[in-house]
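Taking full-length UniProt numbering, I'd label the letters of the sequence shown as residues 1 to 671. Here a beta-carbon is modelled for each residue, glycine too, at the ideal position from N, C-alpha and C. Let me begin by presenting the structure, written as structure tokens, before commenting on it.
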Amino acid sequence: MSTSDNIKTTHARLEWRENGQPVSSQYNDIYFSTQSGVEETVHTFIKPNQLPERFTGLSTGECFTIAETGFGTGLSFLCAWQLFDDLAVNGARLHFISTEKHPLQRQDFQRALSLWPLLKKQTSELTGIYQPACQGQQHFVFAGGRVRLTLLIGEVQDTLPDLYGSVDAWFLDGFSPSKNPDMWSINLFEIMAQKSHEQTTFATFTAARMVRDGLTRSGFNVEKASGYGKKRDMLFGQFRHTTSLSSVRPEWQLPKATAVQQQHAVIIGGGLAGTSTARSLAQRGWQVTLLEQHPQLAAEASGNPQGIIYAKLSPHHTPLSRFILQGYLYSINLLNQLNDHQSPFWYQTGVIQFPTSEKELNRYQALAEQLPKDLLYMAGAEQIETLSGFSIHHEGLVFPEAGWVKPAEFCHSLSDHPAIKIKTGHNVSSLEKDDNEWILLNEQGKEIIRSEVVVVAAGTHCRKLSVLEHLPVKAIRGQITQLAQTDNSRRLSACLCSEGYIAPAAGNEHTLGATFDFNDSCQSVRSGDHQRNIAMLADRFPGVFSAFNENSSNPVITGGRTAFRCTTPDYLPLVGPVINRDAFLHTFAALQKNAKTLIDGKPEYLPGLYINTGHGSRGLVTAPLSGEVIASMICGDSNVVEYSLLEALNPTRFLIRDVIKGNVQVNGKSN
Ligand SMILES: Cc1cc2nc3c(=O)[nH]c(=O)nc-3n(C[C@H](O)[C@H](O)[C@H](O)COP(=O)(O)OP(=O)(O)OC[C@H]3O[C@@H](n4cnc5c(N)ncnc54)[C@H](O)[C@@H]3O)c2cc1C
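Okay, here's the thing in structure tokens:
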């Protein structure tokens, strides 16, 4: 991703011709031909990339990756999806990746796609969740995981290099080289080469000389064919050789997907992280066994009665903020797809964040300037009263599509898949390696199960496993308080967040939370902590507080719950493969003398072992997307988040920094 600080997206500016055709005002060019857009796509991209044959030849479990420049109205994606639906075997998957500098606004998008009634099935799924919010990567899942779309929003020269994975077919679309010369540069073709393999093909509508030369120089065989309609020529071809160019420093390199004999994974932990990972793997055709130590899922941090979809964002493009935003958008789409309308566990009430300082207010205002209004906006006191049912007397940042969730029900829904077997009452005490398999042992040293792939999603308990002892995770105690609903509190119609939060009632109780205490391992619910939560409510939202004092002088406490957030020093979760620590210290010892040394070696990972934890106070937003990240790694798919974020999530990051700073012994030497 670009180092640029600006996350603002400039949407496409369109003019509509009488025949319904959209024309870009920015590039003064058409998106497609109204009469023959589908035919043109088939002629220009589908056939020259031999997609009918290649889709037909896929086996169950295989993933085919297409990358496109210029998503535009999404027509090429929809055509590829329809063909994939018709030809690919059950269990095969399509991952379509597309770059776009100026994404269409949702209403323009819907209008443009209404022109293709034959693609209605795919169009209605896509338009339902399409919302390109800001610069960066955004990930969507369709058709129960058979089709995935990753949009790379921003300048192609910034976004494409950050794509992690390889591509099977390129669609070089977008506005023509004469209208959009910035996109068609030699750099683009070099990046394509880095992401291609020997079977990678490409096709493009243009036969411009610089495109032909650029592709040839970057290692593609280039052929000419007749273009569609009035276009005389177009280009297509295949990559000739793999480049071993990698701009990633050796110590940061991630492992290739483990070659497995059986697509079976065991996941330790039945909270949000474990159930999300289980779902993402099951959707990729894996059999999953989910082990949980308690008699039921979601018995620890993921077991509160209500949790808020809360995105604490920064106007600066920090990795944490980017991941939160991508996770937020992904979780909302997922919740909308999974919600059970008979017995809902997701309530899209809107969430309002209130600043606790001048600095925070400035941050909110900067965010509201950068991001689209359907994602977030600043609202004054009057508007907030309309949205929340209470007069708060402050301005706040409104997330209209956010809301609250019943986390345990969400976990159940995530793990409700025929390929997921849940085994509760199993406490994994240690892991042993036997050839290719991990053996999971209980407290008595008895084998519970074995598998080539294991994902540890055990929250704060992960360090009990000796191979993860080195991870710098901390447990932060939190207590929520449940208050009896009153006739007055019933009016609360949005979640309110400040130092703490209060949600509209679930049943007859509102959740009020939560305390935040380091170095506190007390598991019981304490009345003093209830008083702290209530004091927060009285201080931050006095109008709401008084709604609980209807029949008595104090709010009626009906319950409470204590749990532990698992956090890391940089507040980003730990998502990725697990390192062999001793081997790493040995191989990369020289970094301690000079951090710039390019070591001739690779990090040695513990084969098939992954971790997904450290979701802190925002697991509802970060755990589901992290499940997708891990599943992409395990399956060797192009990743659903960009490489720079994979680096920020890499569980080895603290070890690398410790080696460089001299905080850890290398080769037995103390530093
Ligand atoms: C008080 C409080 C309020 C919160 N409010 C919000 C909120 O409003 N919004 C939000 O997004 N987030 C909130 N969070 C954070 C969110 O709940 C967590 O980030 C999320 O639940 C973490 O999920 P997890 O799966 O990583 O961990 P957990 O839910 O703790 O799951 C880990 C699971 O692993 C199991 N396990 C551990 N070790 C073993 C083993 N050896 N063998 C077998 N099983 C094992 C545990 O029993 C547990 O079920 C809150 C957290 C707390 C504590």
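*Taking the continuous alpha helix (DSSP H) assigned at I660, which residues delimit it?*
Where I660 is concerned, the enclosing alpha helix (DSSP H) starts and stops at 653-661.
*asked:* Once DSSP output is grouped into helix, strand and coil, what is the label at M378?
replied: If DSSP states are grouped into helix, strand and coil, M378 belongs with the strands.
_Could you compute how far the alpha carbon of V306 sits from the alpha carbon of G20?_
The identity of residue 306 in the sequence shown is Gln, whereas the question assumes Val. Each residue's alpha carbon lies about 46 Å from the other.
*Return the chain-ordered ranges of every beta strand (DSSP E) run that is complete within the region 446-481 and spans a minimum of 3 residues.*
Entirely contained in the region 446-481, the beta strand (DSSP E) runs reaching 3 residues are, in chain order, 447-451, 453-456.
*Tell me, please, whether the region 257-275 touches the region 395-404 by the rule of three or more beta-carbon pairs shorter than 8 Å.*
Taking a cut-off of 8 Å for Cβ pairs, the region 257-275 and the region 395-404 do not touch, as fewer than three such pairs fall below it.
*Please classify Q238: does DSSP put it in a helix, a strand, or coil?*
In this structure, Q238 counts as strand in the three-state DSSP scheme.
*Below 8 Å on the Cβ atoms is my guess for A278 versus L297; work out the distance and round it to an integer in Å.*
About 10 Å; that fails the 8 Å criterion.
*Nearest CA to the CA of L149: which residue from S638, N663, V525?*
For L149, the nearest C-alpha among the options comes from S638.
*For P138, which beta-bridge partners are listed by DSSP?*
A small correction: the amino acid at residue 138 is Gln; Pro does not occupy that position in the sequence shown. Beta-bridge pairing links Q138 to L151.
_Supposed contact pair L113 and T73 - C-beta distance, whole angstroms, cut 8 Å_ = Distance from T73 to L113 at the Cβ level is roughly 6 Å; contact confirmed, criterion being Cβ atoms closer than 8 Å.
*Exposure label - Q194; buried when at least 16 CB within 10 Å*: Classification of Q194: buried, given that the 10 Å Cβ count is 16 or more.
*Could you please give the first and the last residue of the uninterrupted beta strand (DSSP E) stretch that includes Q485?*
For Q485, there is no enclosing beta strand (DSSP E), as DSSP marks it with neither H nor E.
*Tell whether a beta-carbon distance below 9 Å holds between L471 and P603.*
Against a cut-off of 9 Å, the Cβ pair of P603 and L471 comes out as no contact.
*Determine the contact status of M192 and F205, defining contact as a CB-CB distance below 9 Å.*
No.
_Give me the residue from Q26, E40, S25 with the minimum Cα distance to F32._
With respect to the C-alpha of F32, the residue from Q26, E40, S25 having the closest C-alpha is E40.
*Using 8 Å as the Cβ pair cut-off and three pairs as the minimum, do the region 420-428 and the region 347-360 touch?*
Cβ pair count under 8 Å is below three, so no.
_Given the structure, does I420 come close to ligand 1, in the sense that its CB is under 8 Å from one of the ligand's heavy atoms?_
Checking every heavy atom of ligand 1 against the Cβ of I420, none is found closer than 8 Å.
*Name the residue from L625, V453, T44, R490 whose alpha carbon lies nearest to the alpha carbon of G229.*
Considering only alpha carbons, the answer is T44.
*Residue range of the unbroken beta strand (DSSP E) whose run includes E432*: Per DSSP, the continuous beta strand (DSSP E) segment holding E432 begins and ends at 430-434.
*Please indicate yes or no: does the CB of K446 lie closer than 8 Å to some heavy atom of ligand 1?*
Result no, Cβ not under 8 Å from ligand 1.
_Cβ separation of F354 and L465, assumed to be a contact under 8 Å, to the nearest whole Å_ = Separation of the CB atoms of F354 and L465 is rounded to 40 Å, and the pair is thereby denied contact status at 8 Å.
*Give a yes or no on contact between the region 583-595 and the region 513-523, applying the rule of three or more CB pairs nearer than 8 Å.*
No contact exists between the region 583-595 and the region 513-523.
*Counting pairs of beta carbons, one from the region 403-417 and one from the region 333-346, are three or more of them closer than 8 Å?*
With the cut-off at 8 Å, the region 403-417 and the region 333-346 touch.
*With a floor of 4 residues, list each alpha helix (DSSP H) that falls wholly inside the region 534-596, ordered by position along the chain.*
Runs of the alpha helix (DSSP H) inside the region 534-596: 542-547, 581-587.
*Starting from the Cα of E292, find the closest Cα among S617, S178, R322, V456 and give me that residue.*
Minimum Cα-Cα distance from E292 among the listed residues S617, S178, R322, V456 corresponds to V456.
*Compute the Euclidean distance between the alpha carbons of T3 and A208, then round it to the nearest angstrom.*
Caution applies to T3, whose pLDDT of 40 falls short of 50 and renders its modelled position unreliable; the value that the coordinates give is listed next. Between T3 and A208, the C-alpha separation is close to 31 Å.
_When you compare the CB positions of E469 and R477, do they come within less than 9 Å of one another, or not?_
No, the pair does not count as a contact, with Cβ atoms beyond the cut-off.
*asked:* What does the Cβ neighbour count give for M1, buried or exposed, with the cut at 16 atoms within 10 Å?
replied: In this predicted model, M1 has a pLDDT of only 42, less than 50, meaning its place in the structure is not dependable enough to derive any value.
*Taking the continuous beta strand (DSSP E) assigned at F64, which residues delimit it?*
Where F64 is concerned, the enclosing beta strand (DSSP E) stretches over 63-69.
*Quick one: does the C-beta of C462 sit closer than 8 Å to a heavy atom of ligand 1?*
Correct: C462 has its Cβ closer than 8 Å to ligand 1.
_What residue range does the beta strand (DSSP E) around F84 cover?_
Element bounds for F84: not the beta strand (DSSP E) but the alpha helix (DSSP H), 75-87.
*Straight-line gap, S670 to V467 (C-alpha atoms, nearest Å)*: Note that S670 scores a pLDDT of 44, beneath 50, so its modelled location is shaky; the value from the coordinates is reported in the next line. Looking at the two C-alpha atoms, the distance is approximately 22 Å.
_Unbroken alpha helix (DSSP H) run spanning Q365, endpoints_ = Where Q365 is concerned, the enclosing alpha helix (DSSP H) starts and stops at 358-370.
_Heavy atom of ligand 1 within 8 Å of S562 beta-carbon_ = Per the sequence shown, residue 562 should be read as Thr rather than Ser. A heavy atom of ligand 1 is found nearer than 8 Å to the CB of T562.
*Under three-state DSSP, which class holds I392?*
Coil.
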